[in-house]
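2 protein chains.
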Amino acid sequence: MHTIQSVAEKTGLTPDVIRIWERRYNVVAPERTPSNQRLYSDDDIERLNLLRRVTEQGRRISAIANLTNEELKDITDTLRPQSRPLTNSNLDVQQSISDAIEAITELDPIQLERILGQAFISLGSVGFMMSFIAPLMDQVGDLWRTGAVRTCQEHFSSAHVRSFLGRYMLESNTDTKGPRLIAATLPGQLHELGATMSAVVAAQIGWNVIYLGAAVPLEEILFSAECKDARAIGISLGYPMDDPKIPLMLEELVQGLPKKCQLLVGGSSTARYSGMLSRLGALEITDLEHLSQTLDSLR
Amino acid sequence: MHTIQSVAEKTGLTPDVIRIWERRYNVVAPERTPSNQRLYSDDDIERLNLLRRVTEQGRRISAIANLTNEELKDITDTLRPQSRPLTNSNLDVQQSISDAIEAITELDPIQLERILGQAFISLGSVGFMMSFIAPLMDQVGDLWRTGAVRTCQEHFSSAHVRSFLGRYMLESNTDTKGPRLIAATLPGQLHELGATMSAVVAAQIGWNVIYLGAAVPLEEILFSAECKDARAIGISLGYPMDDPKIPLMLEELVQGLPKKCQLLVGGSSTARYSGMLSRLGALEITDLEHLSQTLDSLR
DNA sequence: AAAATATGGACGAACCTTTGACAAAACCGC
DNA sequence: GCGGTTTTGTCAAAGGTTCGTCCATATTTT
Chain A
819 MHTIQSVAEK TGLTPDVIRI WERRYNVVAP ERTPSNQRLY SDDDIERLNL LRRVTEQGRR
879 ISAIANLTNE ELKDITDTLR PQSRPLTNSN LDVQQSISDA IEAITELDPI QLERILGQAF
939 ISLGSVGFMM SFIAPLMDQV GDLWRTGAVR TCQEHFSSAH VRSFLGRYML ESNTDTKGPR
999 LIAATLPGQL HELGATMSAV VAAQIGWNVI YLGAAVPLEE ILFSAECKDA RAIGISLGYP
1059 MDDPKIPLML EELVQGLPKK CQLLVGGSST ARYSGMLSRL GALEITDLEH LSQTLDSLR
Chain B
819 MHTIQSVAEK TGLTPDVIRI WERRYNVVAP ERTPSNQRLY SDDDIERLNL LRRVTEQGRR
879 ISAIANLTNE ELKDITDTLR PQSRPLTNSN LDVQQSISDA IEAITELDPI QLERILGQAF
939 ISLGSVGFMM SFIAPLMDQV GDLWRTGAVR TCQEHFSSAH VRSFLGRYML ESNTDTKGPR
999 LIAATLPGQL HELGATMSAV VAAQIGWNVI YLGAAVPLEE ILFSAECKDA RAIGISLGYP
1059 MDDPKIPLML EELVQGLPKK CQLLVGGSST ARYSGMLSRL GALEITDLEH LSQTLDSLR
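Same order as they appear, the protein sequences are chains A and B. Quick note, this note's numbering runs 818 ahead of the 1-based positions in the first sequence. Quick note, this note's numbering runs 818 ahead of the 1-based positions in the second sequence.
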């Protein structure tokens, strides 16, 4: 049994709203303590959560207050797939990025989580990664190189953002029948955020993503592509940018490529291999939108 | 048998609170000396610790005082979907681990996700990590060393499990007021799964975890501990086990430790530094259950 | 003697409840 | 599009409850 306060925290509603919904629409009927304080059951919490979700989708509380939990679930399910520019809310992206950087320098995981969650909701997954995560991590990287951000702060932000994205990678990677993409970074490349973002985008548009993480040996990338009959391999190139082995590795990758498997290369240091990539028949990915289009044309 | 003062230290409650909880809610019934002073058993301490955790999660003591220890444990496991008719029953852990290994060799993310999710639900978060993830990753590591599992399969499993756990790390790390733990691995140590599991456990029992990820330079670990006023630093030691720098790094860590900050070291290769750790005043963590107890006694 | 402990009482901060009012947003008839 | 109406979240006031803390006093341990 939960008090109204803890129910508020678990549902994201305010105690005021919970009470007024009960008073006006009888959405729940919590028990009472001998002294008349409300005590909510787990079922009540689930119902309130459902009601919040449906109201957030634009329905009025008065119109849905007397629906059963089952009917509410149906509504959330049917409206879910319609991807959302829904609240083109007035979120100030640059401000949010600054806030995130502050949370990072403060090493404050709770604050950072709050900011990421908010940005994700108002920008949608692709917009979130393109116009929030990518610039955020670029700025953190720059600040780190100039010494304004310490190594531990940079590590902290990567770890947190990676976990944040990982959640959506797993949740959206559910299509067994979609074409396969292998996502990884090359040996020596430890920053896997670019690869993670690609994986999320690909999974969201129906690809079956096999995510291998950072620093995967070439023959391992090629082996997985071959035995899983991958349609594409996505490689993210970041720092260090000047590794002399990169051209050799790219060449080796292309030579070992299974039939019908396309090599995609993206990331901040892709530009300097531009010529070589097109010569090899690999595709240079400029951003996540471009990735999304390219994948669509490959499937 | 323990006096009220030592129980207070072991539970983080004040003697006043312990007495008033007994007076008002009969939460424990300690024995008495002939002269009427309270004598607490280990069971009493465990119960008081559980009660503290649950009250810190926002429930009122009056609402939970008459629950059994089992019920309290269920509540503490915030991430476990309530009700556990499945517990221990129809899940063959060893079989599930084998299934997971098969999904890993098949590089099948969807199947792997399904198996992990199922095990998580039936085992609860701590049981899941202790009796499922830990042995699973041990077995994968062994198979990799003997060549039965390829590098790409090992990478794939780490990446997937890391994302899976990362989700719960973020979701349960919500307590701003809890004591702080810095979780990381040392330079040269790239396997961060142990650190991630520690972070999840600590967050679940009300600590405020700052997760820095793998391969964090010593001065960065110390800096974060200092500026966030951490109560403890958790270091996970795994492969490579024979790195000669490890003793030096541990020593340097202890010397730079802020006041009131305890160094905790866990992981598969901890045993060989056992003597040195106790000499330095660091604590050796044998498993996640032990970690949970140690953190309780440190707060 | 000094430090801990026991008991019961008292207090204040935080929290909860009900009622009513109000402004912004959404809706509707035109 | 535009006024009038309804819906809806928020706030305030006034009074009750919960719970940790503190105090006074007596007893025990060190």
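Where a beta carbon is used, it is the ideal one built from N, C-alpha and C, also for glycine. Quick caveat, the model's predicted, so the values are computed rather than measured.
The C-beta of Thr-1104/B has fewer than 16 other C-beta atoms within 10 Å across all chains shown, which makes the residue exposed.
Residues of chain A whose Cβ lies closer than 7 Å to the Cβ of Glu-931/B are, in chain order, Leu-988. For Ser-914/B, the closest C-alpha among the options Ile-951/B, Ser-853/B, Gly-1012/B and Glu-989/B is that of Ile-951/B. Within the segment 952-1028 of chain B, the alpha helix (DSSP H) runs of at least 4 residues that lie entirely inside it are, in chain order, 952-963, 969-990 and 1011-1022. For the segment 945-968 of chain A, the set of positions with a beta-carbon nearer than 7 Å to some beta-carbon of chain B reads Arg-968 in chain order.
Contact between Leu-1055/B and Gln-1111/B does not hold, since the beta-carbon distance rounds to 20 Å and is not under 8 Å. Listed along chain A, no residue sits closer than 9 Å to Thr-886/B by beta-carbon distance, the nearest being about 15 Å off.
Across the segment 1041-1055 of chain B, CB contacts with chain A closer than 7 Å involve Phe-1041, Ser-1042 and Lys-1046, in sequence order along the chain.
Judged by DSSP secondary structure, Ala-1050/B falls within the beta strand (DSSP E) whose first and last residues are 1050-1054. Contact with chain B is found for His-973/A, since one of that chain's Cβ atoms lies less than 7 Å from the residue's Cβ. Ranked by Cα distance from Met-1094/A, the options Leu-1106/A, Val-1072/A and Asp-834/A are led by Val-1072/A. The straight-line gap separating the alpha-carbon atoms of His-978/B and Pro-927/B is approximately 8 Å. A contact is defined here as three or more CB-CB pairs under 8 Å, and the segment 996-1006 of chain B fails this definition with respect to the segment 917-924 of chain B. Taking 7 Å as the cut-off, the beta carbon of Thr-829/A is found no closer than this to the beta carbon of Leu-868/A. Going by C-alpha positions, Lys-1077/A is about 24 Å away from Ala-1033/A. A straight-line Cα-Cα distance of about 44 Å links Cys-1079/B and Pro-1062/A. For Arg-842/B, none of the residues of chain A pass the 8 Å Cβ criterion, the least Cβ distance being about 14 Å.
Classified as buried, Gln-1022/A has 16 or more neighbouring CB atoms from the shown chains inside 10 Å of its CB.
Three or more beta-carbon pairs separated by less than 8 Å are not found between the segment 1032-1046 of chain A and the segment 984-996 of chain A, which leaves the two stretches without contact.
At a cut-off of 7 Å between C-beta atoms, Gly-1085/B does not count as an interface residue with respect to chain A.
Assigned with DSSP and collapsed to three states, Tyr-858/B falls in strand.
Assignment of alpha helix (DSSP H) within the segment 821-885 of chain B, counting only whole runs of 4 or more residues, yields 822-829, 833-843, 860-874 and 879-882 in chain order. At least one beta carbon of chain A lies nearer than 7 Å to the beta carbon of Asn-991/B. The Cβ neighbour count for Ile-838/A, taken over all protein chains shown within 10 Å, is under 16; the residue is labelled exposed.
A Cβ-Cβ distance of about 6 Å is found for the pair Leu-1113/A and Ala-1020/A, placing them in contact under the 8 Å criterion. The secondary-structure analysis by DSSP pairs Gln-1080/A across a beta bridge with Ala-1050/A. For Ser-981/B, the chain A residues whose Cβ falls inside 9 Å of its Cβ are Arg-980, Ser-981, Leu-983, Gly-984, Arg-985, Met-987, Leu-988, Thr-1014 and Tyr-1029, in order along the chain. Note on Ala-1100/B: 16 or more other CB atoms within 10 angstroms of its CB, so buried under the neighbour-count rule. Thr-873/B is the residue among Thr-873/B, Val-967/B and His-973/B whose C-alpha sits nearest the C-alpha of Leu-831/B.
A Cβ-Cβ distance of about 5 Å is found for the pair Leu-983/B and Thr-1014/B, placing them in contact under the 8 Å criterion. Here DSSP, grouped into helix, strand and coil, assigns Glu-889/A to helix. Relative to the Cα of Gly-1052/A, the nearest Cα in the group Ser-1016/A, Glu-840/A and Pro-1058/A belongs to Ser-1016/A.
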